[in-house]
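Presented below is the structure to which this report refers.
Protein chains: 4
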Amino acid sequence: MTGLKIAIIGAGSSYTPELIEGLIQRRHELPLRELWLVDIEDGREKMAIIADLTRRMLARAGLTLPVLETLNRREALLGADFVCSQFRAGCLEARIRDERISLRHGLIGQETNGLGGFANACRTIPIALAIAAEMEELCPDAWLLNFTNPSGMVTEAVLRHSRVKAVGLCNVPVIMQKGVAQLLGCQRESDFVMQVAGLNHFIFVRQILQQGEDRLPQVIAQITQGPDPLVPRNIPPFRWPQHLLTGLGMIPCAYLRYYYMSDDILQQELGEANGEGTRGEVVKALEQKLFEIYRDPDLAVKPKALEGRGGQYYSEAACELMSAIYNDKRIIMHVNTRNQGTIAGLPDDCAVEVSALITRSGPLPLNVAPFPEDVLRLLQLMKSFEQLTISAAISGDRHTAWRALVLNPLVRSGTVLERALDDVIEENRDLLPAFHRQH
Amino acid sequence: MTGLKIAIIGAGSSYTPELIEGLIQRRHELPLRELWLVDIEDGREKMAIIADLTRRMLARAGLTLPVLETLNRREALLGADFVCSQFRAGCLEARIRDERISLRHGLIGQETNGLGGFANACRTIPIALAIAAEMEELCPDAWLLNFTNPSGMVTEAVLRHSRVKAVGLCNVPVIMQKGVAQLLGCQRESDFVMQVAGLNHFIFVRQILQQGEDRLPQVIAQITQGPDPLVPRNIPPFRWPQHLLTGLGMIPCAYLRYYYMSDDILQQELGEANGEGTRGEVVKALEQKLFEIYRDPDLAVKPKALEGRGGQYYSEAACELMSAIYNDKRIIMHVNTRNQGTIAGLPDDCAVEVSALITRSGPLPLNVAPFPEDVLRLLQLMKSFEQLTISAAISGDRHTAWRALVLNPLVRSGTVLERALDDVIEENRDLLPAFHRQH
Amino acid sequence: MTGLKIAIIGAGSSYTPELIEGLIQRRHELPLRELWLVDIEDGREKMAIIADLTRRMLARAGLTLPVLETLNRREALLGADFVCSQFRAGCLEARIRDERISLRHGLIGQETNGLGGFANACRTIPIALAIAAEMEELCPDAWLLNFTNPSGMVTEAVLRHSRVKAVGLCNVPVIMQKGVAQLLGCQRESDFVMQVAGLNHFIFVRQILQQGEDRLPQVIAQITQGPDPLVPRNIPPFRWPQHLLTGLGMIPCAYLRYYYMSDDILQQELGEANGEGTRGEVVKALEQKLFEIYRDPDLAVKPKALEGRGGQYYSEAACELMSAIYNDKRIIMHVNTRNQGTIAGLPDDCAVEVSALITRSGPLPLNVAPFPEDVLRLLQLMKSFEQLTISAAISGDRHTAWRALVLNPLVRSGTVLERALDDVIEENRDLLPAFHRQH
Amino acid sequence: MTGLKIAIIGAGSSYTPELIEGLIQRRHELPLRELWLVDIEDGREKMAIIADLTRRMLARAGLTLPVLETLNRREALLGADFVCSQFRAGCLEARIRDERISLRHGLIGQETNGLGGFANACRTIPIALAIAAEMEELCPDAWLLNFTNPSGMVTEAVLRHSRVKAVGLCNVPVIMQKGVAQLLGCQRESDFVMQVAGLNHFIFVRQILQQGEDRLPQVIAQITQGPDPLVPRNIPPFRWPQHLLTGLGMIPCAYLRYYYMSDDILQQELGEANGEGTRGEVVKALEQKLFEIYRDPDLAVKPKALEGRGGQYYSEAACELMSAIYNDKRIIMHVNTRNQGTIAGLPDDCAVEVSALITRSGPLPLNVAPFPEDVLRLLQLMKSFEQLTISAAISGDRHTAWRALVLNPLVRSGTVLERALDDVIEENRDLLPAFHRQH
């Protein structure tokens with residue numbers, strides 16, 4: 001059969017139109033056969049809105065591709081070539097609960113890290129593994145492009161516990177690449193090579209090669225003195241501590257403010273929670289508005305408003321990755337993939353987020369020079385947190401859960417941690433069956 | 001010349017009588033020639049009180065050993081066989097300042113760790129290195145027994161930056177050994193082998209061998225269910241989190257409550273600071289009372305009251321170590337020494353606190369089985385903190401100081417850290433010359 | 001029951017009288033209950049001779065201990081406290097065959113290394129594992145003292161594939177310790193601490209501590225200039241290459257002549273094979289003479305002639321180890337035990353030969369400082385050879401066997417290796433069932 | 001100035017016409033300004049012949065580029081953009097001497113490995129470092145493309161002891177890539193990704209990716225059963241031992257026959273030395289014929305006869321690398337570059353031969369999955385040999401030289417090694433000044 005079958009899991013997401021736009025833009029390099037939208041019962045209505053918008057967008061672009069909606073994941077997966085995973089276990093309500101539990105205990109409430117990231121991973125990983133098991137059966141040659149959060153842990157869980165060809169994606173390095181291009185005054189992003197390395201939401205720019213020179217010191221000087229275009233909209237653009245960039249000689253991704261500026265972030269979050277609402281609450285309101293817009297039968301393009309959503313370029317990265325694989329483009333992209341020695345000091349079989357050459361056979365990571373010891377120690381600590389979290393997500397073992405969380409620098413230890421963990425497990429009663437099986 | 005020359009640096013310490021008692025008890029195995037007491041001008045009066053008490057104690061024991069007081073360290077070091085280092089740079093006032101700065105910024109204030117440990121190390125290490133340089137010249141064969149805090153970092157600094165034969169000591173493993181003996185109902189501590197490993201104030205009991213069995217699980221069960229005699233008096237005896245001992249299968253030393261129960265410790269410290277005073281303030285009052293007692297011309301033994309001081313057994317360990325070296329005893333003691341692969345995953349040339357066979361040629365560490373990954377990560381992180389701290393102490397470089405502190409789990413990051421570091425440097429103006437040279 | 005039950009596997013060995021002598025010498029520290037001699041049908045006659053001599057020796061010493069001979073290993077193992085393993089799979093005939101095959105292909109023929117060591121391991125390991133399985137059932141608390149060759153590989157196989165408490169022994173470090181004592185002019189071996197590390201028959205003296213000094217440079221100078229008393233009688237006492245000791249700053253054990261002087265050893269062996277016979281052939285003749293002597297009903301002590309046998313002190317080490325364990329002696333002995341990080345760069349769960357403190361709970365290895373890189377590489381290569389050999393011994397897989405041998409520096413590669421391996425498998429038809437099961 | 005200045009060191013080599021042909025073929029992508037030929041007095045005549053041929057070849061191609069001959073290396077290096085290093089220290093005579101010394105002692109005589117590789121490295125590295133020092137001064141931004149043998153060690157020496165941007169090249173992976181293309185039936189080599197890793201002349205094919213599949217097992221099956229087109233002409237095309245390819249699941253480069261089939265190679269070399277001559281002698285005769293041909297004033301293209309020379313594709317690789325750097329081609333090539341963690345288990349700052357993305361800023365190595373332990377051990381051993389050799393080449397220290405050689409599996413140890421080393425030093429009196437300075 002000619003043309004690709006693409007399945008989108010969690011298709012009711014407000015991000016889907018960006019994905020559709022990306023596919024339309026690449027119509028000449030990515031021949032499509034069928035587009036399958038999958039969601040669960042709770043997302044049926046949103047998916048319907050998205051499906052209609054998708055059909056209008058395709059029609060406007062002159063594409064006559066079948067768009068199929070289903071609650072039956074298996075029929076969507078059967079024979080698929082690419083599977084995009086972008087679901088949110090427990091919906092935004094669960095994310096908001098995580099944030100509120102965290103802040104109640106004086107902890108940062110964040111979707112991919114700390115207590116919130118832990119809870120999210122525990123809800124999500126069992127579902128991701130179920131999808132992977134179905135893919136092994138129904139589309140063993142398909143690529144899984146995962147942008148379901150926490151993307152690093154979910155990708156690692158799938159890579160370790162299945163034979164599925166999975167790649168994790170994130171918009172953070174995409175935004176950094178665009179920001180660096182702007183600072184260097186480059187028209188094309190391929191005019192330089194930016195190499196990143198680390199874990200998802202925990203990466204560092206290691207070098208920016210242009211014309212035989214490493215421009216990293218220059219870029220560090222620029223963002224130290226002027227505006228910093230490397231920060232996504234959903235992260236407070238606090239200036240980095242004066243000692244950080246100079247001391248490290250590397251640029252941390254914006255999410256590293258959660259570590260290097262944890263107290264400021266916590267104050268900011270506490271203020272927001274008492275004001276306009278937590279990030280989850282703000283996003284929920286924004287999403288409602290977006291779906292209002294999506295419903296408009298005259299809308300046949302991705303609306304401008306989506307760009308305020310925070311996850312910008314996620315879907316563009318996904319489409320570019322599909323094309324790079326399909327067309328053996330051999331371009332450099334930044335992806336979550338198996339470490340296999342790429343970052344020395346992290347386990348071989350863990351997932352890392354690194355710059356890789358994308359070939360028809362998937363990503364071939366570029367080697368990464370050894371990290372300075374202090375940064376390596378943080379990466380190792382975080383990876384241990386991630387691996388214990390994955391283990392707890394699967395087993396539902398509370399000892400393991402506690403050992404994971406007590407390692408995490410965003411979490412405070414002692415009685416507060418024991419209570420916070422109890423609250424997470426209690427308030428996710430239906431969403432964490434493994435933890436409740438034990439009792 | 002027959003008999004040993006012993007020099008005590010910081011002899012005006014209230015602990016000195018315990019050291020004297022230990023020497024008296026070992027009079028038949030440790031022949032002494034001269035006892036030199038050294039202090040600085042600010043400690044002259046305390047040293048005089050100690051010297052008089054020492055002479056009375058020796059007389060009472062029937063020993064006719066010369067006891068010499070001096071402010072001239074070089075004459076005390078010349079030809080010494082053992083040098084006991086137990087000074088406190090900046091006296092208790094500096095410790096109290098560290099505590100108050102820390103608590104003001106919402107941080108744990110502790111003498112050997114976190115912000116306070118950092119400040120203490122920065123004050124102390126340059127002095128320790130000056131002593132080591134003098135020892136290289138004046139008594140190159142002498143053993144330096146260091147119990148100056150932070151003992152681990154001070155010992156490492158001396159081991160890395162001099163050729164002095166240095167061993168660091170701590171009372172924490174001594175108290176643990178006695179506690180375990182009590183739980184096992186052993187008359188003699190040598191009835192079992194307790195092996196510890198880690199960093200100073202950051203050790204874990206790895207095995208408790210008795211009659212071919214590892215009693216560690218039994219001891220864990222005992223301290224989980226009943227009283228915990230492994231805790232020194234100066235650490236709040238909070239019960240360990242339920243997940244910790246079971247999860248790890250190891251017993252952390254009491255100081256690890258600063259990590260695994262950081263929030264409870266912080267609350268406790270904040271309460272104390274607003275009540276009876278910080279630990280430093282309490283100790284200061286206690287010391288004044290001790291020196292009142294020491295002044296009593298009728299006192300000729302170590303007074304009972306010293307046992308409330310917290311540093312119990314420090315000096316006993318020092319005397320036992322001297323005797324074990326001098327007599328080639330080949331007993332197992334717990335000391336700070338060069339790692340050289342003892343703990344896998346830590347640098348070869350760093351200092352670790354481990355169980356070692358004590359010979360005439362010094363400590364030969366027993367090998368340590370690999371740590372579980374989550375504990376290893378903490379040890380590695382702490383060692384990176386320690387090494388950056390040592391580097392900052394010597395160079396006075398603020399970037400390095402910040403990089404050290406931002407790694408430490410007891411320290412919060414962001415603006416709060418930048419301000420706290422500024423305060424430490426500002427309020428130690430005369431005590432941190434390296435940091436002020438820079439400006 | 002009071003007193004120890006000791007089982008000797010391979011009791012028909014000509015070494016047994018030394019073991020009996022050692023037990024008699026330690027009669028006051030090692031209370032015995034029963035002594036069981038075990039052998040197979042082929043060794044029945046030799047065992048009978050040994051048993052009679054043993055009874056005469058015990059009687060002469062005034063000991064009334066039951067000495068039981070059996071071909072039924074299980075009854076000997078039942079409830080044993082110590083099991084001494086000293087059997088030779090395939091008897092001396094197999095060893096001689098190995099030597100002849102090796103020399104025929106231009107290879108060194110040696111019992112514990114190279115092609116011969118490989119063949120010996122493949123014959124022996126399955127039997128050792130069968131014994132270990134029986135011990136798990138019949139005497140789970142017993143200690144297995146293994147001096148069956150190749151001792152390092154056999155010990156590792158048992159440690160990895162059973163729960164038996166096994167310690168491997170060798171006379172090489174014992175002879176080195178005695179030689180060093182002689183060079184230092186020490187009356188007692190405990191006057192100094194000699195630390196060795198490496199693999200069985202592949203160890204290096206790392207330090208010789210006496211009075212706070214490392215005497216290693218002095219001892220190196222002595223054996224460079226004068227006679228070398230560290231060499232067992234069965235190794236050609238070639239002088240070390242001039243560059244070796246000076247370059248390394250360590251003393252290799254005598255067996256390392258097989259590596260560092262492989263060509264001279266090969267020439268020597270070829271000469272012997274064409275003259276008085278291979279080592280195995282010489283030993284066979286010697287054994288026959290020994291058994292003649294053993295038969296003498298008037299003989300009631302270990303005969304002088306045994307000392308020419310090469311394995312001197314093996315049994316003394318075994319008796320000393322039994323006593324050190326039984327009496328919690330906490331002396332330093334040199335044993336084969338689990339690495340667990342003792343030698344950095346070798347796998348945690350492999351067997352290494354190192355200096356260890358012997359306690360009632362077994363050996364606690366002293367930590368070993370990192371090896372210089374060139375020696376570490378040899379150790380790693382040899383360990384890979386050993387591990388592949390163990391794997392081949394169990395599986396009978398020829399690919400694995402080839403991969404083991406092609407790594408070994410004593411073996412030449414190419415067609416010669418393929419033929420030599422074929423010959424080993426063919427000429428051990430009945431002794432290597434795993435390899436023949438495959439066909 | 002527009003256009004590139006290229007300097008060729010050792011321009012009197014018979015390979016130079018291939019280099020010229022490569023430059024002519026790339027005339028549209030590599031704009032040239034000046035071509036400088038450099039050699040020493042002994043090579044003056046050959047260089048003159050090459051220079052004339054070069055001018056004829058350029059003229060025939062319609063290129064009007066200045067071709068300058070010089071014995072003054074500095075004027076050639078001044079302002080150069082690319083420096084091609086292809087000299088042979090001591091000329092073919094030295095190579096032949098190495099071969100004859102080796103064979104006389106029963107050792108393999110080979111130009112890049114074993115005793116011959118050692119001798120060659122010791123002659124060459126001091127000169128390579130002198131060139132690098134001049135480049136730092138005269139053309140600090142130039143790229144050094146090294147194909148002077150032993151290419152791996154020479155490249156490492158330059159990378160470690162200078163700041164020159166050096167890349168080492170070899171024709172072995174080029175030939176393997178072409179062989180694989182032939183076996184896969186691919187028109188274009190870019191239709192698949194072949195990844196190699198190891199050390200120079202010691203590499204393994206790790207994967208052959210095509211259409212999302214790893215074709216390595218298929219290619220292994222092909223060369224096991226049929227002809228093996230991956231072997232250069234100068235290596236005996238012995239079939240691999242049956243256990244090797246199946247056991248490893250990787251394809252060793254042809255030079256690994258020197259290890260895995262050392263005995264067959266040695267027999268072959270001994271036969272050749274007694275027959276048509278050693279490889280060096282054969283090459284010498286071939287070179288004389290080639291220079292006869294080069295002299296022909298009618299010759300204006302690279303002659304067919306050069307293809308029999310063994311070093312085929314060396315120069316093509318060099319030209320392609322120049323173009324890939326100059327044009328930021330981002331193609332994958334196989335080069336010697338700094339390890340920096342690319343191959344786990346080898347030092348960070350050593351040179352490795354790996355597949356890399358070639359950018360304007362030089363090679364970015366692709367990450368390499370961990371090697372199986374047995375192969376890693378060989379790589380580590382060889383790297384230790386290389387590093388000790390480099391150290392000996394610089395210091396002239398005989399202890400170090402011996403320690404290097406005794407590690408090498410191609411060298412036999414004992415008296416034979418001591419004599420062979422003496423002979424190498426003695427017979428290279430003028431070519432190894434560092435070794436003779438010592439005496």
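Residue numbers (the UniProt record's numbering), protein chains in the order written: chain P, 1 to 439; chain C, 1 to 439; chain B, 1 to 439; chain V, 1 to 439. Note that beta-carbon positions come from the ideal geometry of N, C-alpha and C, so glycine has one too. This structure is a prediction, so every number in the text was calculated from the model and none was measured.
Alpha-carbon spacing of residue i relative to residue j, whole angstroms
| i | j | result |
| --- | --- | --- |
| B:F192 | V:D98 | 48 Å |
| V:N336 | C:L266 | 55 Å |
| C:D328 | C:L30 | 12 Å |
| V:M176 | P:E320 | 32 Å |
| B:A119 | B:V424 | 7 Å |
| C:N149 | C:I24 | 25 Å |
| residue 441 of chain P | P:H28 | Residue 441 of chain P lies beyond the range of chain P shown here (1 to 439); nothing can be said about it. |
| B:I203 | C:V174 | 35 Å |
| V:I49 | V:I293 | 10 Å |
| C:A89 | C:A344 | 33 Å |
| V:E41 | V:A11 | 12 Å |
| P:L290 | P:S14 | 7 Å |
| C:D349 | B:M250 | 20 Å |
Minimum C-alpha distance to residue i - residue among the options
| i | options | result |
| --- | --- | --- |
| P:C84 | P:D39, P:Q110, P:T2 | P:D39 |
| V:P365 | V:E418, V:Q195, V:I203, V:A420 | V:Q195 |
| B:L209 | B:V219, B:I203, B:H201, B:R33 | B:V219 |
| B:R123 | B:A393, B:A404, B:G22, B:A351 | B:A393 |
| P:P347 | P:V174, P:G117, P:D296, P:R160 | P:R160 |
| P:E93 | P:E269, P:L4, P:V283 | P:V283 |
Bridge-paired residues (DSSP) for residue i
| i | result |
| --- | --- |
| V:V352 | V:T337 |
(Q) Can you confirm whether the region 50–65 of chain B touches the region 385–392 of chain B when touching is taken to mean that 3 or more C-beta pairs between the two stretches lie within less than 8 Å? (A) no
Q) Are the region 268–278 of chain V and the region 422–434 of chain B in contact at 8 Å, needing three or more beta carbon pairs? A) no
(Q) When you compare the region 134–150 of chain B with the region 400–416 of chain B, are there three or more beta-carbon pairs, one atom per stretch, that lie closer than 8 Å? (A) The region 134–150 of chain B makes no contact with the region 400–416 of chain B; the number of CB pairs closer than 8 Å stays below 3.
Q) Looking at C-beta atoms only, is the number of pairs between the region 291–310 of chain V and the region 123–137 of chain V that lie closer than 8 Å three or more? A) No: the two stretches stay apart, fewer than three of their Cβ pairs being nearer than 8 Å.
Q. Okay, do the region 216–231 of chain V and the region 178–187 of chain V touch, 3+ Cβ pairs below 8 Å being the bar?
A. yes
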